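To start, the structure itself, in structure tokens.
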Amino acid sequence: MHALYDLAVGPLAWLAFAVFILGSVYRLLSMRALAFKKDGAFVAYISWPHAIKSLAHWFTPFGALGWKENPGVTAATFIFHICLFLVPLFLMGHIVLFDTFRGWSWPALPDGAADTLAIVVVVICAYFLWRRVSVPEVRFVTGPQDILVVSLVGLTFLTGVLAYHRIGDNLLVTTLHILCGEAMLIAIPFTRLSHMLFAVFSRGYIASEFGSVRHAKDW
Amino acid sequence: MSTIADRLIEDTGLRRGVSRLTPEKIEKVFKELVAGECGARLKTYVETCVRCGMCAKACHYYMSHKDPSYTPVAKVSQTMWRLLAAGGRVDPQVIYECAQIAYTECNLCRRCIHYCPLGIDTGYIISVVRRLCHKLGCTPQYIQDTAHSHSATLNQMWVKDDEWPDTLQWQEDEAREEFPGLRIPLDVEGADFMYSVIAPEPKFRTQLIYQAAAIFNAAGVSWTMPATPGWDNSNMAMFTGDSEIMSRVERAHYETAQRLRVKRIVMGECGHAFRAVYDVANRWLGWKWHPVPVVHSVEFFWELIQQGRIKLTHKYADPVTIHDPCNIIRGRGLMDKLREVVHFLCENVVEMSPNREHNYCCCAGGGVINCGPPFKNVRIVGNSIKAEQLKATGVHTLVAPCHNCHGGLEDIISKFGLGMHTKFLGDLIYELMEKPEAE
Numbered sequence: 000m001h002a003l004y005d006l007a008v009g010p011l012a013w014l015a016f017a018v019f020i021l022g023s024v025y026r027l028l029s030m031r032a033l034a035f036k037k038d039g040a041f042v043a044y045i046s047w048p049h050a051i052k053s054l055a056h057w058f059t060p061f062g063a064l065g066w067k068e069n070p071g072v073t074a075a076t077f078i079f080h081i082c083l084f085l086v087p088l089f090l091m092g093h094i095v096l097f098d099t100f101r102g103w104s105w106p107a108l109p110d111g112a113a114d115t116l117a118i119v120v121v122v123i124c125a126y127f128l129w130r131r132v133s134v135p136e137v138r139f140v141t142g143p144q145d146i147l148v149v150s151l152v153g154l155t156f157l158t159g160v161l162a163y164h165r166i167g168d169n170l171l172v173t174t175l176h177i178l179c180g181e182a183m184l185i186a187i188p189f190t191r192l193s194h195m196l197f198a199v200f201s202r203g204y205i206a207s208e209f210g211s212v213r214h215a216k217d218w
Numbered sequence: 000m001s002t003i004a005d006r007l008i009e010d011t012g013l014r015r016g017v018s019r020l021t022p023e024k025i026e027k028v029f030k031e032l033v034a035g036e037c038g039a040r041l042k043t044y045v046e047t048c049v050r051c052g053m054c055a056k057a058c059h060y061y062m063s064h065k066d067p068s069y070t071p072v073a074k075v076s077q078t079m080w081r082l083l084a085a086g087g088r089v090d091p092q093v094i095y096e097c098a099q100i101a102y103t104e105c106n107l108c109r110r111c112i113h114y115c116p117l118g119i120d121t122g123y124i125i126s127v128v129r130r131l132c133h134k135l136g137c138t139p140q141y142i143q144d145t146a147h148s149h150s151a152t153l154n155q156m157w158v159k160d161d162e163w164p165d166t167l168q169w170q171e172d173e174a175r176e177e178f179p180g181l182r183i184p185l186d187v188e189g190a191d192f193m194y195s196v197i198a199p200e201p202k203f204r205t206q207l208i209y210q211a212a213a214i215f216n217a218a219g220v221s222w223t224m225p226a227t228p229g230w231d232n233s234n235m236a237m238f239t240g241d242s243e244i245m246s247r248v249e250r251a252h253y254e255t256a257q258r259l260r261v262k263r264i265v266m267g268e269c270g271h272a273f274r275a276v277y278d279v280a281n282r283w284l285g286w287k288w289h290p291v292p293v294v295h296s297v298e299f300f301w302e303l304i305q306q307g308r309i310k311l312t313h314k315y316a317d318p319v320t321i322h323d324p325c326n327i328i329r330g331r332g333l334m335d336k337l338r339e340v341v342h343f344l345c346e347n348v349v350e351m352s353p354n355r356e357h358n359y360c361c362c363a364g365g366g367v368i369n370c371g372p373p374f375k376n377v378r379i380v381g382n383s384i385k386a387e388q389l390k391a392t393g394v395h396t397l398v399a400p401c402h403n404c405h406g407g408l409e410d411i412i413s414k415f416g417l418g419m420h421t422k423f424l425g426d427l428i429y430e431l432m433e434k435p436e437a438e
């Protein structure tokens, strides 16, 4: 088990970050190249002022019609994404790891707060999974990948919470936590988690068309 | 859970088209289409859609039926995703199902864009499905007939070359009884604008041409209508997925305006035609913007009012409500001008909710009404949400500056017994304006 832990925090961590970063850059650049090659009649209308204005509305909770009409999902989505970035980046345990291995350090969230936020992520993942199976319009379009990616995120945070509270075999749970996190990083460029890379551009593009061609709002 | 397969409707065009297909042929055409005409937009949309289902409430079909298979994302999952998952190698019956969804259960109204955090353009994806169906020869019979008409006559209604000026002369004759000096100027080079209409106007709504001529006559503007093909601004080929015919029709329209050396094209009260001329065809033809400026009549009437060229004898007294046509509101942002014009004409305006960019579609646009009688009840029942919205206003007059909206709204008004009547802006202006020569 120690060997697996060492593998997870060592070579696999390098691999995961490399796949995540290089994969993301590759996906973004290749999509950009494809857009310029095949979508010239649409790329021509990209207008960042319109895109930024629209993104400001969409990054505001309840700032767009879609958010307003789906209040439950909206609250869950915003809280989920905020926690999803805050917890891993500002958790004391992670910062200590970076400090130990690379000598990098930055301010951390108080442990209790980070723990609460992590539990919130787990609960919201459970809510997303519940929606996937019980809300008819979501169930209709749900495939194995949708269940898989939400589970991956949920398991990463769940094992993190268990490890923090020392529930179960600590080495096993911690190792699982690290492996899930790495799997999540690797999945980002190549699954629906890629919305992390493309959302700003897809929304920005349609905002440009609505703004500069159609002179209407897209929020 | 129901799917498209549970509600198939018999259509001669689709049935015959499907009977000629094999999985191999479908696969070949699909792969060529995706490789040749699709790019980053389709790829991004398909890969990043998180299947959150938030778009459900955007769609009038879903809001009317509350059936999950009518949500925008479900329409994409039953068509494009299904095709992509199979690499295009599907049973011909699947193409029938794709065609019924794409042509008759999505109005391409783009309301779902207001609901999708990722900005996914379902209308675009469904248009690609239509393009595939067109290339496979699977289109509903009625709309295909209009596309054939565009191909053969450059207008939607099989109006022959001599019938067009004949109709205009007939309307001019009629109008001269009321306005002795009125002309419908034909082929006047250098006029300020060319007025173009959709082919159903000369075919069966000729009073709209009469009214437009009366308004332009009273406003004292310099205008002309073309005497040759290119006068029709409608474009059903755009909706069947026949981009080649679509571009021929629009090229003729632009080139007619250029031949007449007019400063701009003013289009009658139609939404889809405006979409074709303003948003779609120019790009296909390689113009970023339009070779001749294009103005919808809502904007043109607004200008005439601003310039004081339209004077009223009185305002319309009964309360009215405003329907926002998707193609000129989400398609051109004319919601403020539309309201200014209606408030200028009417004493009492009761707004529907939601409205403006967030309006519900009439459920006739996007070529759906043009798919004809087999699908009529589907689009009427699929728009009960709009009927509820109209009913809640409590008014009896509905202003809708779009032909397809008129068709769709009149159908739900009749079916749901709403006791309303639909009017064009031209109807109201003609009714209310000072008529200088009318004595």
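In the order they appear, the protein sequences are chains A and B.
Each residue of the first sequence is one higher than the one before, counting from 0 in numbering that gives the first Met the number 0.
Each residue of the second sequence is one higher than the one before, counting from 0 in numbering that gives the first Met the number 0.
By construction, the Cβ of each residue, glycine as well, lies at the ideal position given by its N, Cα and C atoms.
Fair warning: this is a prediction, and the values are worked out from it, not measured in the lab.
Min CB distance residue i to chain A below 9 Å
i: His113(B); result: yes
i: Cys54(B); result: yes
i: Ile119(B); result: yes
i: Ile328(B); result: yes
i: Val341(B); result: no
i: Gly86(B); result: no
i: Ser68(B); result: yes
Residue nearest to residue i in terms of C-alpha spacing, selected from the options
i: His289(B); options: Asp323(B), Glu249(B), Asp335(B), Val127(B); result: Glu249(B)
i: Val199(A); options: Ala12(A), Val18(A), Ala2(A), Ser46(A); result: Ser46(A)
i: His252(B); options: Asn281(B), Ile368(B), Gly270(B); result: Asn281(B)
i: Ala275(B); options: Gly285(B), Val367(B), Glu302(B), Ser246(B); result: Ser246(B)
i: Thr392(B); options: Gly118(B), Ala151(B), Ser352(B); result: Ser352(B)
i: Cys105(B); options: Tyr60(B), Ile119(B), Trp286(B), Gln388(B); result: Tyr60(B)
i: Gly102(A); options: Ile94(A), Phe84(A), Gly210(A); result: Ile94(A)
i: Lys24(B); options: Pro372(B), Cys137(B), Ile100(B); result: Cys137(B)
i: Thr158(A); options: Val172(A), Ala7(A), Val148(A), Asp114(A); result: Val172(A)
i: Lys439(B); options: Val261(B), Leu83(B), Gly240(B), Val394(B); result: Residue 439(B) lies beyond the range of chain B shown here (0 to 438); nothing can be said about it.
i: Arg202(A); options: Trp57(A), Leu116(A), Val121(A); result: Trp57(A)
i: Phe238(B); options: Lys287(B), Gly38(B), Arg129(B), Cys360(B); result: Arg129(B)
i: Gly371(B); options: Ile8(B), Cys269(B), Glu243(B), Lys74(B); result: Ile8(B)
Simplified DSSP state of residue i, which is helix, strand or coil
i: Arg263(B); result: strand
i: Gly246(B); result: The question names Gly, yet the displayed sequence has Ser at residue 246(B). Ser246(B): helix per DSSP, three-state reduction.
i: Leu20(B); result: coil
i: Thr158(A); result: helix
i: His295(B); result: strand
i: Thr392(B); result: helix
i: Val137(A); result: helix
i: Tyr44(B); result: helix
i: Val349(B); result: coil
i: Asp231(B); result: strand
i: Leu147(A); result: helix
i: Met195(A); result: helix
Exposed unless 16 or more other CB atoms sit within 10 angstroms - verdict on residue i
i: Val377(B); result: buried
i: Gln155(B); result: buried
i: Arg331(B); result: buried
i: Met0(B); result: exposed
i: Gln306(B); result: exposed
Segment limits, alpha helix (DSSP H) that includes residue i
i: Val340(B); result: 334 to 344
i: Phe16(A); result: 10 to 37
i: Val86(A); result: 70 to 89
i: Val319(B); result: Val319(B) -> not in any alpha helix (DSSP H); beta strand (DSSP E) instead, spanning 319 to 321.
i: Val75(B); result: 71 to 75
i: Pro201(B); result: 199 to 203
i: Glu440(B); result: Chain B is shown only over 0 to 438; residue 440(B) falls outside these bounds and no answer can be derived.
i: Thr174(A); result: 169 to 186
i: Lys375(B); result: 375 to 380
i: Asp410(B); result: 402 to 414
First and last residue of the uninterrupted beta strand (DSSP E) at residue i
i: His420(B); result: 420 to 422
i: Tyr114(B); result: Neither: Tyr114(B) is in no beta strand (DSSP E) and is coded neither H nor E.
i: Val398(B); result: 396 to 398
i: Ser195(B); result: 192 to 195
heavy atom of the ligand NAP below 8 Å from residue i C-beta
i: Ser18(B); result: The ligand content of the structure shown is nil, which means the ligand NAP is not present either.
Proximity test, Cβ basis, 9 Å: residue i and chain B
i: Phe139(A); result: yes
i: Leu28(A); result: no
i: Pro60(A); result: no
i: Glu181(A); result: no
i: His49(A); result: no
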